[in-house]
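Each residue of the sequence shown is one higher than the one before, counting from 1 in UniProt numbering.
Have a look at the structure below, then the notes.
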Amino acid sequence: MSAPGLITFPSPRSVPETVAQLESALTARGLKIFALINHSDEAEQAGLAMLPTQVILFGSPRAGTPLMLATPSLAIDLPLKALVAEDATGQTWVTLNDPAYLQARHGFPPELLANLAGATTLIQKTLAP
1 MSAPGLITFP
11 SPRSVPETVA
21 QLESALTARG
31 LKIFALINHS
41 DEAEQAGLAM
51 LPTQVILFGS
61 PRAGTPLMLA
71 TPSLAIDLPL
81 KALVAEDATG
91 QTWVTLNDPA
101 YLQARHGFPP
111 ELLANLAGAT
121 TLIQKTLAP
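Right, here's the structure in full:
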């Protein structure tokens, strides 16, 4: 499921359970949930079948604003996103943009990389069984 510039972690839970767990962990750390997109529900409403797939848009203006001030093009990739999807075997995966990829793509100062990397670490720890 991973492509270049993405990091993917397995989740031992279903898509809805994983989304709820991530939302709880993110908000507990002071991050804001900007939106939740349920692609599979939207597909169903269009008469199409899709395995459970949701995207959480989240972030912190305190962390993201300095990045966008330094490199305005980064606004296309913020807020951060977590794709939570089930594959054909029933395994749930969480996919994120790799912070190092975003740094290379936009060229923001390396000292600001930690503003993004903390969310990746939080998600990885949250998904641990």
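All residues carry an ideal CB built from backbone N, CA and C; glycine is no exception.
query	result
Considering only the alpha carbon of each residue, which of LYS81, LEU127, ALA114 and PHE108 lies closest to LYS32?	LYS81
Taking the Cβ atom as the reference point for each residue, do PRO52 and ALA104 lie within a distance shorter than 8 angstroms?	no
Suppose contacts are defined by Cβ-Cβ distances below 8 angstroms. Is ALA49 in contact with ALA43 by that definition?	yes
Between the beta-carbon of PHE108 and the beta-carbon of THR71, is there less than 8 angstroms?	yes
Per the DSSP calculation, LEU83 is bridged to which residue(s)?	VAL55 and THR95
Does the Cβ-Cβ distance between THR8 and VAL94 come in under 8 angstroms?	yes
Check whether the Cβ atoms of PRO79 and GLY59 sit closer than 8 angstroms, and answer yes or no.	yes
Please classify SER14: does DSSP put it in a helix, a strand, or coil?	coil
Buried or exposed: which applies to LEU6, given that a residue is buried once 16 or more other Cβ atoms fall within 10 Å of its Cβ?	exposed
Less than 7 angstroms between C-beta atoms, sequence neighbours within five positions excluded: which residues of the same chain meet that for GLN91?	PRO10
Does the separation of the CB atoms of ILE123 and LEU57 fall below 8 angstroms?	no
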